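K.L.:
Following the UniProt record's numbering, the numbering of the sequence shown begins with 1 at its first residue and continues without gaps.
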Amino acid sequence: MTSINIFAAIQRPCTPEQDKILKVPDTEERAHFFWHVDTRRKGETMADICASHGIGTATGYCWRRERAYFGDWRRVRKQKAAEKGQKLGRPFRVSDEKLQSLLTDENNPVCNAPLEVQQQVNDISLCPRALRYNLSNRKDAHVYKAAYTDELLPANKRLRQHYSDLYYNEELRGFWDAVYFTDEAHYNPTEDFQPPQILRQREVQGSGHHMTQEYYTSNVLPSYIKWVHKARLLLYHPSQSPDLNPIEGVWLILKQRAKRRIYYSKAGQRKWDGTKTHLKEILTEVWDSITMEQIRDHIAEMPARVKELRRNGGEKIRSKCW
(Lines of atoms letter the chains of each structure in order from A and count residues from 1; the text may use other names and numbers.)
(Lines give C-alpha, C1' and ligand atoms only; values in the text may rest on other atoms or scores of the structure.)
Protein backbone atom coordinates (compact mmCIF):
# COMPACT_ATOMS: atom_id res chain seq x y z
CA MET A 1 0.00 0.00 0.00
CA THR A 2 1.46 3.32 -1.04
CA SER A 3 1.08 6.33 1.26
CA ILE A 4 0.64 9.76 -0.24
CA ASN A 5 1.91 12.86 1.51
CA ILE A 6 -0.91 15.30 0.90
CA PHE A 7 1.07 18.16 2.46
CA ALA A 8 3.78 17.87 -0.20
CA ALA A 9 1.20 18.47 -2.89
CA ILE A 10 -0.04 21.68 -1.29
CA GLN A 11 1.88 24.73 -2.47
CA ARG A 12 2.88 27.10 0.29
CA PRO A 13 1.47 30.62 -0.05
CA CYS A 14 3.97 33.17 -1.31
CA THR A 15 4.10 36.53 -3.01
CA PRO A 16 3.58 36.12 -6.77
CA GLU A 17 6.43 37.10 -9.04
CA GLN A 18 6.36 40.70 -10.16
CA ASP A 19 7.47 42.23 -13.42
CA LYS A 20 10.90 43.80 -13.15
CA ILE A 21 9.69 47.39 -12.96
CA LEU A 22 11.41 50.02 -10.90
CA LYS A 23 9.23 51.45 -8.15
CA VAL A 24 9.53 55.19 -8.76
CA PRO A 25 9.12 55.83 -12.50
CA ASP A 26 8.06 59.05 -14.17
CA THR A 27 5.45 57.03 -16.00
CA GLU A 28 4.71 53.33 -16.09
CA GLU A 29 5.32 53.13 -19.84
CA ARG A 30 8.74 54.76 -19.56
CA ALA A 31 9.68 52.32 -16.79
CA HIS A 32 8.74 49.38 -19.04
CA PHE A 33 10.72 50.90 -21.87
CA PHE A 34 13.97 51.31 -19.91
CA TRP A 35 13.66 47.84 -18.45
CA HIS A 36 13.26 46.48 -21.99
CA VAL A 37 16.32 48.45 -23.16
CA ASP A 38 18.46 47.16 -20.28
CA THR A 39 17.38 43.52 -20.73
CA ARG A 40 16.93 43.32 -24.50
CA ARG A 41 17.74 40.11 -26.32
CA LYS A 42 20.67 39.65 -28.65
CA GLY A 43 19.90 41.09 -32.06
CA GLU A 44 16.95 43.17 -30.84
CA THR A 45 17.26 46.72 -32.18
CA MET A 46 16.10 50.00 -30.71
CA ALA A 47 13.49 50.27 -33.44
CA ASP A 48 12.05 46.90 -32.43
CA ILE A 49 11.89 47.93 -28.76
CA CYS A 50 10.24 51.26 -29.57
CA ALA A 51 7.72 49.59 -31.85
CA SER A 52 6.77 47.09 -29.13
CA HIS A 53 6.05 49.99 -26.78
CA GLY A 54 4.15 52.06 -29.33
CA ILE A 55 6.59 54.98 -29.51
CA GLY A 56 8.73 56.36 -32.28
CA THR A 57 12.38 55.47 -32.62
CA ALA A 58 13.39 59.12 -32.21
CA THR A 59 11.46 59.28 -28.93
CA GLY A 60 13.26 56.19 -27.66
CA TYR A 61 16.66 57.67 -28.45
CA CYS A 62 15.63 60.96 -26.80
CA TRP A 63 14.62 59.16 -23.61
CA ARG A 64 17.92 57.28 -23.56
CA ARG A 65 19.94 60.50 -24.00
CA GLU A 66 18.03 62.15 -21.17
CA ARG A 67 18.78 59.25 -18.86
CA ALA A 68 22.47 59.39 -19.73
CA TYR A 69 22.57 63.17 -19.22
CA PHE A 70 20.69 63.39 -15.92
CA GLY A 71 22.11 60.17 -14.50
CA ASP A 72 18.75 59.05 -13.13
CA TRP A 73 15.83 58.39 -15.43
CA ARG A 74 13.31 58.41 -12.57
CA ARG A 75 13.45 62.19 -12.09
CA VAL A 76 14.18 63.41 -15.59
CA ARG A 77 11.07 65.57 -15.95
CA LYS A 78 11.52 67.10 -12.50
CA GLN A 79 15.17 68.00 -13.11
CA LYS A 80 14.44 69.43 -16.54
CA ALA A 81 11.80 71.69 -15.03
CA ALA A 82 14.16 72.76 -12.25
CA GLU A 83 16.83 73.77 -14.78
CA LYS A 84 14.27 76.04 -16.45
CA GLY A 85 13.21 77.52 -13.12
CA GLN A 86 9.82 75.86 -13.37
CA LYS A 87 7.87 73.40 -11.24
CA LEU A 88 5.86 70.38 -12.29
CA GLY A 89 2.24 70.24 -11.28
CA ARG A 90 -0.06 72.95 -10.01
CA PRO A 91 1.34 76.31 -8.83
CA PHE A 92 1.80 76.92 -5.12
CA ARG A 93 -1.18 78.37 -3.30
CA VAL A 94 1.09 80.63 -1.24
CA SER A 95 3.72 82.73 -2.99
CA ASP A 96 7.40 82.80 -2.07
CA GLU A 97 7.05 86.44 -1.02
CA LYS A 98 4.30 85.54 1.44
CA LEU A 99 6.35 82.74 2.98
CA GLN A 100 9.39 85.00 3.24
CA SER A 101 7.33 87.63 5.02
CA LEU A 102 6.51 85.10 7.74
CA LEU A 103 10.20 84.92 8.62
CA THR A 104 10.61 88.63 9.38
CA ASP A 105 9.47 90.36 12.55
CA GLU A 106 8.37 93.50 10.69
CA ASN A 107 5.81 91.66 8.53
CA ASN A 108 4.83 88.89 10.93
CA PRO A 109 4.03 90.17 14.44
CA VAL A 110 3.27 86.62 15.65
CA CYS A 111 6.37 84.91 14.28
CA ASN A 112 6.97 83.20 17.63
CA ALA A 113 3.41 81.92 17.96
CA PRO A 114 2.37 78.37 16.95
CA LEU A 115 1.83 77.84 13.24
CA GLU A 116 -1.90 77.53 13.84
CA VAL A 117 -1.95 81.11 15.11
CA GLN A 118 0.33 82.39 12.33
CA GLN A 119 -1.91 80.80 9.72
CA GLN A 120 -5.00 82.54 11.09
CA VAL A 121 -3.45 85.96 11.77
CA ASN A 122 -1.75 86.17 8.35
CA ASP A 123 -4.80 84.78 6.52
CA ILE A 124 -2.94 81.95 4.78
CA SER A 125 -5.10 79.54 2.80
CA LEU A 126 -3.29 76.44 4.07
CA CYS A 127 -3.81 74.17 7.00
CA PRO A 128 -1.02 74.30 9.63
CA ARG A 129 0.43 71.00 8.42
CA ALA A 130 0.61 72.22 4.80
CA LEU A 131 2.10 75.52 5.97
CA ARG A 132 4.81 73.63 7.87
CA TYR A 133 5.53 71.56 4.74
CA ASN A 134 5.83 74.65 2.51
CA LEU A 135 8.11 76.45 4.95
CA SER A 136 10.33 73.40 5.34
CA ASN A 137 10.65 72.44 1.67
CA ARG A 138 10.62 75.85 0.01
CA LYS A 139 12.38 78.07 2.57
CA ASP A 140 14.24 75.55 4.72
CA ALA A 141 12.49 77.20 7.68
CA HIS A 142 11.53 75.23 10.76
CA VAL A 143 10.13 75.80 14.23
CA TYR A 144 13.00 75.68 16.71
CA LYS A 145 13.07 75.95 20.46
CA ALA A 146 13.95 79.51 21.35
CA ALA A 147 17.38 79.99 22.89
CA TYR A 148 17.00 79.87 26.64
CA THR A 149 19.31 79.36 29.55
CA ASP A 150 18.67 79.32 33.27
CA GLU A 151 22.36 79.35 34.17
CA LEU A 152 23.24 81.94 36.76
CA LEU A 153 25.64 84.65 35.67
CA PRO A 154 28.86 84.81 37.72
CA ALA A 155 28.04 88.39 38.75
CA ASN A 156 24.63 87.31 40.04
CA LYS A 157 26.19 84.44 41.97
CA ARG A 158 28.34 86.97 43.78
CA LEU A 159 25.25 89.10 44.49
CA ARG A 160 23.48 86.06 45.90
CA GLN A 161 26.43 85.37 48.17
CA HIS A 162 26.31 89.00 49.28
CA TYR A 163 22.60 88.50 50.01
CA SER A 164 23.54 85.55 52.22
CA ASP A 165 26.11 87.65 54.05
CA LEU A 166 23.55 90.38 54.74
CA TYR A 167 20.79 88.17 56.13
CA TYR A 168 22.68 85.12 57.35
CA ASN A 169 21.88 85.72 61.02
CA GLU A 170 18.30 86.94 60.58
CA GLU A 171 15.65 84.80 62.25
CA LEU A 172 12.17 83.90 61.08
CA ARG A 173 10.50 85.61 64.04
CA GLY A 174 11.15 89.30 64.09
CA PHE A 175 12.56 89.65 60.55
CA TRP A 176 11.33 87.33 57.79
CA ASP A 177 7.79 87.24 59.14
CA ALA A 178 7.65 91.04 58.78
CA VAL A 179 8.82 91.18 55.13
CA TYR A 180 6.22 91.93 52.45
CA PHE A 181 7.16 89.75 49.47
CA THR A 182 5.74 91.10 46.20
CA ASP A 183 5.87 89.96 42.61
CA GLU A 184 3.81 89.94 39.43
CA ALA A 185 2.66 86.91 37.46
CA HIS A 186 0.68 86.11 34.33
CA TYR A 187 -1.39 83.05 33.55
CA ASN A 188 -1.97 81.50 30.13
CA PRO A 189 -4.61 78.72 29.96
CA THR A 190 -2.65 77.03 27.15
CA GLU A 191 0.69 77.27 28.93
CA ASP A 192 2.40 73.89 28.91
CA PHE A 193 5.49 74.89 30.94
CA GLN A 194 7.67 74.15 27.89
CA PRO A 195 10.37 76.40 26.37
CA PRO A 196 9.04 78.92 23.79
CA GLN A 197 9.56 78.24 20.08
CA ILE A 198 10.55 80.45 17.16
CA LEU A 199 10.13 80.15 13.39
CA ARG A 200 13.34 80.82 11.44
CA GLN A 201 15.42 79.51 8.57
CA ARG A 202 18.17 77.00 9.17
CA GLU A 203 21.49 78.53 10.23
CA VAL A 204 19.88 81.97 10.59
CA GLN A 205 20.18 83.57 14.00
CA GLY A 206 17.35 85.44 15.68
CA SER A 207 17.12 89.20 15.33
CA GLY A 208 17.23 89.88 19.06
CA HIS A 209 13.77 91.35 19.39
CA HIS A 210 12.94 89.30 22.47
CA MET A 211 12.59 90.87 25.89
CA THR A 212 15.91 90.14 27.59
CA GLN A 213 16.97 90.57 31.19
CA GLU A 214 19.43 93.31 30.23
CA TYR A 215 16.85 95.28 28.19
CA TYR A 216 14.16 94.90 30.86
CA THR A 217 16.52 96.00 33.63
CA SER A 218 17.91 99.03 31.80
CA ASN A 219 14.85 100.30 29.91
CA VAL A 220 11.59 99.03 31.37
CA LEU A 221 12.06 98.36 35.05
CA PRO A 222 13.41 101.78 36.19
CA SER A 223 10.32 103.68 35.06
CA TYR A 224 8.06 101.44 37.14
CA ILE A 225 10.02 101.16 40.36
CA LYS A 226 11.60 104.60 40.64
CA TRP A 227 8.80 105.95 42.81
CA VAL A 228 8.78 102.74 44.86
CA HIS A 229 12.40 103.22 45.89
CA LYS A 230 11.63 106.74 47.00
CA ALA A 231 8.57 105.84 49.04
CA ARG A 232 9.48 102.55 50.72
CA LEU A 233 12.30 100.79 52.45
CA LEU A 234 13.14 97.83 50.23
CA LEU A 235 14.90 94.58 51.01
CA TYR A 236 18.01 93.95 48.93
CA HIS A 237 17.24 91.27 46.34
CA PRO A 238 19.71 89.94 43.74
CA SER A 239 18.83 89.29 40.09
CA GLN A 240 17.97 85.80 38.81
CA SER A 241 16.75 84.84 42.28
CA PRO A 242 13.13 83.66 42.23
CA ASP A 243 14.17 81.00 44.74
CA LEU A 244 14.65 83.80 47.29
CA ASN A 245 11.10 85.12 46.93
CA PRO A 246 8.48 82.87 48.58
CA ILE A 247 5.68 84.29 46.46
CA GLU A 248 7.23 82.61 43.40
CA GLY A 249 6.41 79.27 44.98
CA VAL A 250 2.87 80.47 45.65
CA TRP A 251 2.47 81.47 41.98
CA LEU A 252 3.56 77.98 40.99
CA ILE A 253 0.86 76.46 43.20
CA LEU A 254 -1.69 78.81 41.65
CA LYS A 255 -0.75 77.93 38.07
CA GLN A 256 -0.67 74.19 38.65
CA ARG A 257 -4.02 74.15 40.43
CA ALA A 258 -5.63 76.45 37.86
CA LYS A 259 -4.47 74.22 35.02
CA ARG A 260 -5.82 71.16 36.82
CA ARG A 261 -9.11 72.95 37.46
CA ILE A 262 -9.51 74.00 33.80
CA TYR A 263 -8.58 70.75 32.07
CA TYR A 264 -9.55 68.17 34.69
CA SER A 265 -12.67 69.54 36.34
CA LYS A 266 -14.18 67.31 38.99
CA ALA A 267 -17.79 66.21 39.09
CA GLY A 268 -20.02 69.14 39.96
CA GLN A 269 -17.49 71.76 38.89
CA ARG A 270 -18.38 74.02 36.00
CA LYS A 271 -16.03 73.57 33.07
CA TRP A 272 -14.22 76.62 31.77
CA ASP A 273 -16.29 78.20 29.00
CA GLY A 274 -13.30 79.96 27.40
CA THR A 275 -14.16 83.48 28.55
CA LYS A 276 -11.93 85.85 30.53
CA THR A 277 -14.67 86.43 33.09
CA HIS A 278 -14.91 82.74 33.93
CA LEU A 279 -11.11 82.47 33.94
CA LYS A 280 -10.94 85.22 36.58
CA GLU A 281 -13.51 83.34 38.65
CA ILE A 282 -11.44 80.16 38.45
CA LEU A 283 -8.22 81.97 39.41
CA THR A 284 -9.97 83.60 42.36
CA GLU A 285 -11.37 80.23 43.43
CA VAL A 286 -7.93 78.61 43.19
CA TRP A 287 -6.28 81.50 45.04
CA ASP A 288 -8.75 81.13 47.90
CA SER A 289 -7.86 77.42 48.12
CA ILE A 290 -4.23 78.25 48.99
CA THR A 291 -4.05 78.22 52.77
CA MET A 292 -2.06 80.52 55.04
CA GLU A 293 -0.21 77.46 56.31
CA GLN A 294 1.16 76.82 52.81
CA ILE A 295 2.26 80.44 52.46
CA ARG A 296 3.90 80.39 55.89
CA ASP A 297 5.72 77.17 54.98
CA HIS A 298 7.33 79.01 52.06
CA ILE A 299 8.36 81.98 54.21
CA ALA A 300 9.65 79.67 56.95
CA GLU A 301 12.26 78.28 54.53
CA MET A 302 13.98 81.65 54.08
CA PRO A 303 16.51 81.32 56.96
CA ALA A 304 17.56 77.88 55.72
CA ARG A 305 17.79 79.07 52.12
CA VAL A 306 20.01 82.01 53.07
CA LYS A 307 22.38 79.64 54.85
CA GLU A 308 22.29 77.26 51.86
CA LEU A 309 23.48 80.11 49.62
CA ARG A 310 26.69 80.42 51.59
CA ARG A 311 27.22 76.67 51.48
CA ASN A 312 26.67 76.16 47.72
CA GLY A 313 28.40 79.35 46.55
CA GLY A 314 25.30 81.15 45.27
CA GLU A 315 23.82 78.31 43.22
CA LYS A 316 20.08 77.74 42.82
CA ILE A 317 18.10 76.19 45.64
CA ARG A 318 15.36 73.60 45.34
CA SER A 319 13.35 71.91 48.05
CA LYS A 320 10.20 69.84 48.44
CA CYS A 321 8.25 73.01 49.17
CA TRP A 322 9.36 75.08 46.13
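Note that CB positions come from ideal geometry on N, CA and C, so glycine has one too. Values in this document were obtained by computation on a predicted structure and should not be read as measured data.
If we cut at 8 Å on Cβ distances, does Q256 have a partner in chain B?
P.N.:
Any reference to chain B falls outside this structure, which holds one protein chain only.
K.L.:
Leaving out the 5 sequence neighbours to the left and right, which residues in its chain are closer than 7 Å to Y144 when beta-carbon positions are compared?
P.N.:
The residue you call residue 144 lines up with position 144 of the sequence shown. Once the five neighbours on either side are set aside, the close Cβ partners of Y144 are Q197, I198, R200.
K.L.:
What is the DSSP secondary structure of V286, counted as helix, strand or coil?
P.N.:
Locating residue 286 in the sequence shown gives position 286, counting from the first residue. V286 falls in the helix class under three-state DSSP.
K.L.:
So what's R200 in DSSP terms, helix, strand or just coil?
P.N.:
Counting from one through the sequence shown, the residue named residue 200 turns up at place 200. Strand.
K.L.:
Given R311, which residues of its chain have a CB within under 8 Å of its CB, disregarding the five upstream and five downstream residues?
P.N.:
If you number the sequence shown from 1, residue 311 lands on position 311. Same-chain partners within the cutoff: there are none.
K.L.:
How would you call V24, buried or exposed, if buried means at least 16 neighbouring beta carbons within 10 angstroms?
P.N.:
Taking the sequence shown and counting its residues from 1, the one referred to as residue 24 is at position 24. Here V24 scores only 41 on pLDDT, less than 50, and its place in the model should not be relied on; the value that follows carries that caveat. Label assigned to V24: exposed.
K.L.:
For residue 360, report the span of its alpha helix (DSSP H) as first-last.
P.N.:
Outside the displayed range of the chain (1 to 322) lies residue 360, so it cannot be described from this structure.
K.L.:
So L244 and R305 are in contact, right, with Cβ under 8 Å, and what is the actual spacing, rounded?
P.N.:
The residue labelled residue 244 in the question sits at position 244 within the sequence shown. The residue labelled residue 305 in the question sits at position 305 within the sequence shown. Contact holds; Cβ gap of about 6 Å.
K.L.:
If you drop the 5 nearest sequence neighbours on each side, which residues of the same chain put their C-beta closer than 6 Å to that of H36?
P.N.:
In the sequence shown, residue 36 corresponds to position 36, counting from 1. So the list reads I49, once near-sequence residues are dropped.
K.L.:
I need the boundaries of the alpha helix (DSSP H) containing A155, first residue and last residue.
P.N.:
Sequence index remark: in the sequence shown, residue 155 carries index 155 (1-based). Element bounds for A155: 154–167.
K.L.:
Sorted by chain position, which residues of the same chain lie with C-beta nearer than 8 Å to Y133's C-beta, five sequence neighbours on each side aside?
P.N.:
Here residue 133 is taken as the residue at index 133 of the sequence shown, counted from 1. Excluding residues within five positions, none has a Cβ falling inside 8 Å.
K.L.:
Kindly indicate which residue of L115, C62, I124, P189 has the alpha-carbon position closest to the one of K255.
P.N.:
Taking the first residue of the sequence shown as 1, we reach residue 255 at position 255. The shortest C-alpha separation from K255 is found at P189.
K.L.:
For I21, which residues in the same chain have their Cβ closer than 7 Å to its Cβ, ignoring the five residues on either side in sequence?
P.N.:
Residue mapping note: residue 21 aligns to position 21 of the sequence shown, counting from 1. Because I21 carries a pLDDT of 44, less than 50, the predicted location of this residue cannot be relied on, and the following value inherits that uncertainty. Excluding positions up to five away in sequence, the list reads A31, H32, W35.
K.L.:
Since L159 and S265 should fall inside the 8 Å C-beta cutoff, what is the C-beta to C-beta distance between them, to a whole number of angstroms?
P.N.:
The sequence position of residue 159 within the sequence shown is 159, counting from 1. The sequence position of residue 265 within the sequence shown is 265, counting from 1. The Cβ separation is near 43 Å, so there is no contact.
K.L.:
Quick one: Cα of N122 to Cα of F92, how far?
P.N.:
For the purposes of this step, residue 122 is taken as the residue at position 122 of the sequence shown. For the purposes of this step, residue 92 is taken as the residue at position 92 of the sequence shown. Each residue's alpha carbon lies about 17 Å from the other.
K.L.:
Helix, strand or coil for V143 per DSSP?
P.N.:
Here residue 143 refers to the residue found at position 143 when the sequence shown is read from its first residue. Here V143 sits in strand by DSSP.
K.L.:
Just the Cα atoms here: how many angstroms apart are R41 and E66?
P.N.:
Position 41 of the sequence shown, counting from 1, holds the residue named residue 41. Position 66 of the sequence shown, counting from 1, holds the residue named residue 66. About 23 Å.
K.L.:
Can you tell which of G60, D38, T39 has the C-alpha that lies nearest to the C-alpha of A47?
P.N.:
Your numbering for residue 47 matches position 47 in the sequence shown. Minimum Cα distance to A47 is reached at G60.
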